[in-house]
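Okay, so here's the structure we're looking at.
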Amino acid sequence: MVNARWRHLRNGIVKTPRGSRGRLLAMVGLIVPIAFFGLFLTSFSRIAEVASVSVQAAVLATFTTGLALSNLFSKMAAGDAVRSGSAENAFYLSHPIVLHRLMLARCLGAAVLDFWGALFLFPVLAGASTVWHLGGAGLGVAAVVSILSQVAILGAAQAIQTALHRWIAPRRRRLMWTTLGLTSALMIALLWIFASMVLRRPSAAIALVSPFAERILSSPLGVPVAALRALLQHDTAAAWVWLIGMSLGTVGVLVGMVAVGRLAGKQGWEDDGDAAREIDQVIPARTHGRVLSIAGRDWLALVRDRPRFVMLLAMPIVLVAVALVGTPVSDWTASDPERVGVVAYSLCAYLATIGPLTHMQSERQVFWILRSVPVPFWRILVQKSLAWGLLVVGFAVLAFVVLGFHAAGFAFFSPEAFRVLFVVVVGALVVTALAVGIGCDAADLSTPGRSAIGPGTVYLFLIVSGLYNLGLSQTYDVWARTTALFVLATVLFWMTGVRRAEDCLDAERLAMSRAAPGDGVVAVILLHLGVHATQASVAASGGSAASALMARVGWSGLVAFGVCAQLLWIGRRNWQSAFSGTRWAWRVGMTVLIVAVSAGLRPGQFAGSASPLWLVVIAEELVFRGLLQGSLVDYFSSGGRSTLRGRVMAGTIAASVALLTMANPSWEAVGIQIAASVAFGFSRSVIPTILGRIGWWLPV
Amino acid sequence: MITTQGLCKRFGDRIALDSLDLVVEPGEVMAFLGPNGSGKTTTIRLLMGLLRPTAGRASIDGLDCHTNSVEVKRRVGYLPDEPFLYPYLSGLEFLELVAGLHGMNGSVARKRAGELGAEFVGADCKRLTSTYSHGTKKRLALAAALIHDPRVLILDEPTNGLDPRAARDMRSRIAELARAGRTVFLSTHLLDSAEKLCHRVAILEGGKLRAIGTADELRTRYGASGDASLEELFLTATA
Chain W
23 MVNARWRHLR NGIVKTPRGS RGRLLAMVGL IVPIAFFGLF LTSFSRIAEV ASVSVQAAVL
83 ATFTTGLALS NLFSKMAAGD AVRSGSAENA FYLSHPIVLH RLMLARCLGA AVLDFWGALF
143 LFPVLAGAST VWHLGGAGLG VAAVVSILSQ VAILGAAQAI QTALHRWIAP RRRRLMWTTL
203 GLTSALMIAL LWIFASMVLR RPSAAIALVS PFAERILSSP LGVPVAALRA LLQHDTAAAW
263 VWLIGMSLGT VGVLVGMVAV GRLAGKQGWE DDGDAAREID QVIPARTHGR VLSIAGRDWL
323 ALVRDRPRFV MLLAMPIVLV AVALVGTPVS DWTASDPERV GVVAYSLCAY LATIGPLTHM
383 QSERQVFWIL RSVPVPFWRI LVQKSLAWGL LVVGFAVLAF VVLGFHAAGF AFFSPEAFRV
443 LFVVVVGALV VTALAVGIGC DAADLSTPGR SAIGPGTVYL FLIVSGLYNL GLSQTYDVWA
503 RTTALFVLAT VLFWMTGVRR AEDCLDAERL AMSRAAPGDG VVAVILLHLG VHATQASVAA
563 SGGSAASALM ARVGWSGLVA FGVCAQLLWI GRRNWQSAFS GTRWAWRVGM TVLIVAVSAG
623 LRPGQFAGSA SPLWLVVIAE ELVFRGLLQG SLVDYFSSGG RSTLRGRVMA GTIAASVALL
683 TMANPSWEAV GIQIAASVAF GFSRSVIPTI LGRIGWWLPV
Chain C
143 MITTQGLCKR FGDRIALDSL DLVVEPGEVM AFLGPNGSGK TTTIRLLMGL LRPTAGRASI
203 DGLDCHTNSV EVKRRVGYLP DEPFLYPYLS GLEFLELVAG LHGMNGSVAR KRAGELGAEF
263 VGADCKRLTS TYSHGTKKRL ALAAALIHDP RVLILDEPTN GLDPRAARDM RSRIAELARA
323 GRTVFLSTHL LDSAEKLCHR VAILEGGKLR AIGTADELRT RYGASGDASL EELFLTATA
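The following block contains the structure:
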C-alpha cells in the first residue's frame, strides 16, 4: 500500500499533464506549515516573555491537544475507512487481505506518506522547542510526538468508525455521521477561538490558562508536551521515558484497533456507508401544486440529505458563535450596524462557499440530465440561484439579528440598522448568484474522479465576494460603485458560466478554452483592490515623500505582478489576442504617441490618482482592454468572427467597468476610457492604447 | 432524420472520431457497433450536444445538434450508458421533474410520470432512486427519455450491465418503440442484441466507420455465406 500510494503521489506531481498543479499544491502545502510555524513562534515568544514555564507549557498543551482532538473528530466524521464501496477498500478487500490488516496498513502508511498529516503538530511543537532553545533534540522530539499522535489518531478514528458501523443500525448511522461532523466542527471552532487568542492576544490566552496550568499539565492534556518539558528541565532520561510511553500508548491504540477490526469484521459494510442508501422510505406521490422544478429539486435534495443540510446550517452557526465569543470580532462589531453588517455578510458568503459554489460537484455524474432537456442553461442557473438564495438570505438575516443582539447598544429599529440589513440581504442574493455562476464557470466534469471545483475556485470566489465587503462600511458613493462592480462581476461570471456549461463535459474544449469575461473581471478586481490598497497605504504613510513613493512602488508592483500572473496563466491560450496585429498597431500607437506629445497636452487622469507609474498604465490597459474587452469581444462574436455590435457592447462594458473603479471620474477620464476602448475595438491590440495613454500623460 | 457530415472529435492528440458520415432514415433502427473505445459514446454525445465537434456537423431532423441543441432536445429522447440519477428523488419525482423540464404543466406532468413510472418501474417508483438496482435505473432513465414522446431515441448501450431477463425486457421495449415508428439509434458492443433489433448496422473501429448496411449487404460486401452471423461480419470488417 505504501509503495502504491507513493507511486500514485509521485505520478500525480511529476508525470501528469497537470503536474504543475500538483507541484503548486505541494509548494503551498510546504509554505503553509512554515508560515504557521513562524506565526506560532512569534506568539509563543511573547508568551514566554511574561509567563512562567508551567503556564507556557500549559498553553502549549492546550493548543496541541485541541489540534489533536479536532483532527481526531474530523477523521472520524470523514468515514472513508468504512465505505465498502470506496474504490480503495473495494480493491484491497477483494484480495486476500483481512480488514484489520488493512486498517493497520492505513495507519502506518499514512505516517510515511501523508507528510503534512503526520507532522500536523510539528509546527507548533517546533515553535515551542525553538523558543525554549532545545535545539535539534527538541525538533526531533517534536517530529516523533507528531507522528505518534497521528498514527494513534488514525487508529482510534478507524476503530471508532468500524465499531459504530458494526453496531449501529443503518437508519441511525446518518445521525451518527452528522453528530460526528457537528462535533468536529465544534472542536475546530473552539480550536479557532483559542488559536486566535494565542496568536493575536497572547495575554488573554495566559489569563485563561494560568489558573489551571498545573492541572492541565498533570492531566492527559499534558502528554503531548511532556517530553519537551523534560528536555527543558535537562532531563533527557525523562524525555525518553515519555517518548517510550507515548509509543507504547500508540501501540496500545493500534492493538485496540486491530481487536475491533477482528471483532467487527465487515458486517454492516454491505450498505456501502452511502447515506442515501440508508434511507428506506416511500415518498408519496404529489397530487397537486406546480410541477417539480429545478429549484424544488435542489431543495428536496438538500433537506433529504439531512447530514449535509445540518452541516450547511451548523457550520455558519458555529462561525456566528465564534464571531460572538472570539474576542477580536466581538469588540470590533460592538454597537456599529455597519460592522455587524460586514460580519453578517461575510458569514453568508462563507455559507455560499460551502453551498451554492459547489453545486456543480453534486452534478458530477448527473449533469447529463440537465443537458438532455430542452431548457436553456441560463434558466437552469436561475432556478439554482433561487433555491440556494432562500437559504443564504435567510441565514444572512439570522446572522444580522443574532450579532445585533449581541452587540451592546445596537438599535435594531433604527433607519441605519434597516439600511444595513437591506444592504446585507442584497449582498446575500447577489453572492448566491455569483457562487452559482463561478461554480459553473470553474466546473470541469470531463474527467471522472476529478473534483468539479478546486481550491483555486474557492479562493477566487472569496476574492470576488469580498469586494462587496469593501464598500459595505464606506460612504454611499463608494458602496454604490463597489456594488455596481460586484453586480457586474456577477453578471459576467454568469455569462461565462452559462457558456462554459456547454463545454464542461468536453475535455478538448476545456483544454483550449480562451480567456472569458469572468477572467477579465477578476483581473479588474485585483487591480481595483491593489489601487485601493495603494491609496490607503499612501494615506497611512503620513505624507513623507519617500515612504509614499515606497508604498506606491510596492503596491504597484504587486498589482502588476497579480495582473501579469493572471495574464500569463491565460496567455497560454490566447496571448496573441492582446497583441494581435502587432506591426500596424505599433505604427498606430507611435502615431498617437507623437501626436499627443507634440500637441502639448497636459497630464490628465493621473492627477490625484493612486500612482503616476507607467506600470499602472500598462496594467490598466492589459486588464481593461486586453483582457476584459478582448474576452467580451470573443464572447459576443458570432461564428468565430467579431461583429460591430459585439465590439461596441464590449467596449461599452469595459469602459464602464474602468470608470466604476474610479472615484469621481472627470470628463477627461471618461473621454480617455472611451477613446481607449474605441482604439482597442478597432485594432484589437493594447499597443495603441498604452502608447496613447502614456502620450496623454507625459508632462510637457 | 439523423445525419452526420465529416464529424470529427479530437481529445488532444487522440482522434476519438474521424470524419464520420452517417445517415439514419426516419423510422429506422440503426445499431452502432464497435469495440470499447471505438468512438460510439463520443458520437452519441456529439449528437446530444454534450460535446462540440472538432470538425464537421451533426444534425437531427434538419437541426444542428450544437447550435440548435434546445430544439433538438425537444425531439430526442436520450438514454446514457451509465444512467446516474438524483439520489434523493423518488422515481416518480424524477419523471415529474423531467416532464416539467419538457414544458408540461403540473397535472399533465404528474399523470404522464405516473403512467410511465407504473409501466417501467412499478411499485418501486415511489422509492428513492438511490435504492434502485442498475436495471431499475436503466428502466427509469428510459421512461424519462420517453416522457415527451420523442420521435427519435438515442440509446447508449441500453442493455449494458443488465441481467439476461432485464436485457431481454429492454430489447422487447426497444422493439416495441421501433414498431411505433420511432427512429432509434443505439450503440452496443453486444452483437446479438443488434442482430435482433436493427434494420441496419454501422461498424466503428478506432474512430473510423468501417462498414454500414443491412446484415445481407454486409454479407455480400465481405463475401460471407448467407448464414454468417453478425459477429463474423463484425470480425471481418474490423480485421
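Sequence order for the protein chains is W and C.
With the first sequence counted from 1, adding 22 to any position gets you the working numbering.
With the second sequence counted from 1, adding 142 to any position gets you the working numbering.
Virtual Cβ for every residue (Gly too), placed ideally from N, Cα, C.
Just so you know, these numbers come straight off a predicted model, no measurement behind them.
Could you tell me whether any Cβ in chain C is nearer than 8 Å to the Cβ of residue i?
i, result
"W:Gln387", "yes"
"W:Pro398", "yes"
"W:Arg308", "yes"
"W:Glu642", "no"
"W:Ala409", "no"
"W:Arg393", "yes"
"W:Asp525", "yes"
"W:Ala227", "no"
"W:Ala133", "no"
"W:Trp718", "no"
"W:Gly461", "no"
"W:Arg715", "no"
"W:Ser631", "Bear in mind that a pLDDT of 44 at W:Ser631, under 50, signals an unreliable position, so the model cannot answer this."
What residues of chain W sit near residue i, judged by a beta carbon separation below 7 Å?
i, result
"C:Pro118", "Chain C is shown from 143 up to 381; residue 118 of chain C falls before or after that span and cannot be answered."
"C:Gly248", "Gly311, Arg312, Val313"
"C:Ser232", "Ile305"
"C:Cys257", "In the sequence as presented, Cys is not what sits at residue 257 of chain C; that position holds Glu. Ordered by position in chain W, no residue passes the 7 Å Cβ test against C:Glu257, which lies about 12 Å from the chain."
For residue i, verify whether its CB is less than 7 Å away from any heavy atom of the ligand FMN.
i, result
"C:Ser161", "The ligand FMN is not among the ligands present in this structure, which contains no ligands whatsoever."
Does any residue of chain W have a CB that is nearer than 8 Å to the CB of residue i?
i, result
"C:Arg269", "yes"
"C:Tyr228", "yes"
"C:Ala353", "no"
"C:His244", "yes"
"C:Met190", "yes"
"C:Arg361", "no"
"C:Ser215", "The amino acid at residue 215 of chain C is misidentified as Ser; the sequence shows Lys. Yes, C:Lys215 lies at the interface with chain W (some Cβ there is under 8 Å from its Cβ)."
"C:Val212", "yes"
"C:Leu193", "yes"
"C:Glu235", "yes"
Considering only DSSP beta bridges, list what residue i is partnered with.
i, result
"C:Lys350", "C:Glu347"
"C:Gln147", "C:Arg199"
"C:Met172", "C:Phe327, C:Arg342"
"C:Phe153", "C:Arg156"
"C:Asp298", "C:Ser329"
"C:Arg269", "W:Val304"
"W:Arg663", "W:Ser660"
"C:Leu164", "C:Thr146"
"C:Asp206", "C:Ser201"
Chain W partners of residue i, CB-CB under 9 Å?
i, result
"C:Thr196", "Glu530"
"C:Ala260", "Correct list: empty, because the minimum Cβ distance to chain W is about 10 Å."
"C:Val326", "The contacting residues do not exist; C:Val326 stays about 16 Å from chain W at best."
Taking Cβ-Cβ distances shorter than 8 Å, what residues in chain W pair up with residue i?
i, result
"C:Arg252", "Ala307, Arg308, Thr309, Val313"
"C:Val240", "Ile391, Val395"
So with CB distances below 7 Å, who are the chain C contacts of residue i?
i, result
"W:Ala533", "Gly154"
Item checked: Chain-ordered residues of the region 694-711 of chain W with a beta carbon less than 9 Å from chain C -> Answer set for the region 694-711 of chain W: empty.
Checklist line | Near-chain W residues of the region 146-163 of chain C (beta-carbon distance less than 9 Å), N- to C-terminal order | finding: Legend: CB atoms of the region 146-163 of chain C lying less than 9 Å from CB atoms of chain W belong to residues Lys151, Arg152, Phe153, Gly154, Ala158.
Next item on the list: Closer than 9 Å, Cβ to Cβ, to anything on chain C: give me those residues from the region 304-330 of chain W, in chain order.
Entry: Taking 9 Å as the Cβ-Cβ cut-off against chain C, the residues of the region 304-330 of chain W that qualify are Val304, Ile305, Pro306, Ala307, Arg308, Thr309, His310, Gly311, Arg312, Val313, Leu314, Ser315, Ile316, Gly318, Arg319, Leu322, Ala323, Leu324, Val325, Arg326, Asp327.
Check: In chain order, what residues of the region 269-298 of chain C put their CB closer than 7 Å to some CB of chain W?
Finding: So the close ones are Arg269, Leu270, Ser272, Thr273.
Checklist line | the region 311-328 of chain W in contact with the region 203-222 of chain C per 3-pair CB rule at 8 Å | finding: Here the region 311-328 of chain W makes no contact with the region 203-222 of chain C; the two share fewer than three CB pairs at distances below 8 Å.
Next item on the list: Determine, using beta-carbon pairs with one atom in the region 304-318 of chain C and one in the region 249-256 of chain C, whether at least three such pairs fall under 8 Å.
Entry: Taking a cut-off of 8 Å for Cβ pairs, the region 304-318 of chain C and the region 249-256 of chain C do not touch, as fewer than three such pairs fall below it.
Next item on the list: Count the C-beta pairs between the region 227-243 of chain W and the region 358-373 of chain W that are closer than 8 Å, then say yes if the count reaches three, no if not.
Entry: In this structure the region 227-243 of chain W does not touch the region 358-373 of chain W; the number of beta carbon pairs closer than 8 Å is below three.
Check: Can at least three beta-carbon pairs, one atom from the region 113-126 of chain W and one from the region 276-290 of chain W, be found at a separation below 8 Å?
Finding: The region 276-290 of chain W and the region 113-126 of chain W touch, with three or more beta-carbon pairs separated by less than 8 Å.
Check: Pairing CB atoms from the region 265-277 of chain C with CB atoms from the region 181-197 of chain C, are three or more of them under 8 Å?
Finding: Short answer: they don't touch.
Next item on the list: State whether the region 152-159 of chain W contacts the region 175-193 of chain W, with contact taken as three or more CB pairs (one from each stretch) at a distance under 8 Å.
Entry: Between the region 152-159 of chain W and the region 175-193 of chain W there are fewer than three C-beta pairs closer than 8 Å, too few to call the two in contact.
Notebook entry, point to check: How do the region 696-704 of chain W and the region 670-679 of chain W stand: do at least 3 beta-carbon pairs fall below 8 Å, yes or no?
Noted result: For the pair of segments examined, the region 696-704 of chain W was found to touch the region 670-679 of chain W: the number of CB pairs separated by less than 8 Å reaches three.
Check: Are the region 506-514 of chain W and the region 384-392 of chain W in contact at 8 Å, needing three or more beta carbon pairs?
Finding: With a cut-off of 8 Å, the region 384-392 of chain W and the region 506-514 of chain W do not count as touching, because too few Cβ pairs lie within range.
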